[in-house]
Amino acid sequence: MALGLAFVYVPLGVVLINSFNASTVFAWPPQELTTHWWTATIGNEGVRAAVLTSFEVGLVATTAALLLGTLLAFALGRYTFFGRHTLSLLVVLPIALPGIVTALAFRTGFRTFLGLELSIWTVAIAHATFCIVVVYNNALARLRRMGTTPEEASMDLGADTFTTFRLVTFPLLRGALVAGALLAFGLSFDEIVVTLFTAPPGVTTLPIWIYQNLSRPNQGPVVNVVAAVLVLASILPIYLSQKLSGESTGGGRL
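Numbering-wise, UniProt numbering puts 40 at position 40 of the sequence shown, and it's gapless, one number per residue.
In structure tokens:
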């Protein structure tokens, strides 16, 4: 376990240290440390534009995933109908397929079958297909754990369907939905393969910016700073997601 964790986290530590490396060729170990690259990154217009685009795409994809994933979870978790298991498989399939296959399918669908021009919306729609999966899985797992007893008790006491959902179902489901939304946003934010195939020229998300600038002269240190920020920024959503998932399933009280 120690070797496995070291294999994952030592390179991340190297990225963090290299973001303060004064050398542009990444001499190791660093002979001198500086914060110059952090200052340069803050003032980099390309980085700011890429971050904004990634946030816009992530928010649209996450919103769509929350709505559709929750509805699917209720449909498949609360009702029995013909083709339910097939539909469940189709919902989960996008995240299991190779990214290049999904990307090619969406590009062909948008350009050939629908005749649409690629835009930031095509990127968000493509991202939403695999973001739905994490919201759906979280919501479905929570619905199965909570059962129908609380809702039945609410209705026995005179509450209608909407009141029961507002006062009973949604509060019990809220933690799982927030956790799913955080994971969905993270998936969208760092997606690169699907984005490359569904984004038009000029629309650059942060992962694409990193990919494009990784080999450019004097851009390596800035790329390391961006990567370091992403590593640090990922800690809080992951922590919140685990905490909320634990609380929504009772794990927070163990």
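Each residue gets a CB set at the ideal place from its N, CA and C atoms; glycine is no exception. Given the structure is predicted, the values throughout are model-derived calculations rather than measurements.
In the structure shown, LEU33 falls within a strand segment according to DSSP collapsed to helix, strand and coil. Taking 4 residues as the shortest admissible run, the segment 86-138 contains the following complete alpha helix (DSSP H) segments, listed from N- to C-terminal end: 99-108.
For LEU71, the enclosing alpha helix (DSSP H) begins and ends at 45-78.
Shown here, ASN218 sits in coil according to DSSP, grouped into three states, outside any helix or strand. When DSSP reads this structure, ASN21 sits in a beta bridge with LEU33. Under the criterion of beta carbons closer than 8 Å, ALA49 and THR204 qualify as touching, at roughly 7 Å.
The three-state secondary structure of ALA2, taken from DSSP, is helix. MET155 and THR169 do not touch by the CB rule: their CB atoms are close to 11 Å apart, not below 8 Å. Exposure of ALA96 is indicated by the presence of fewer than 16 other C-beta atoms within 10 angstroms of its C-beta. The beta carbon of GLY46 is closer than 7 Å to those of TRP209 in its chain, skipping five residues each way along the sequence. In this chain, the alpha helix (DSSP H) harbouring ASP156 covers 149-156.
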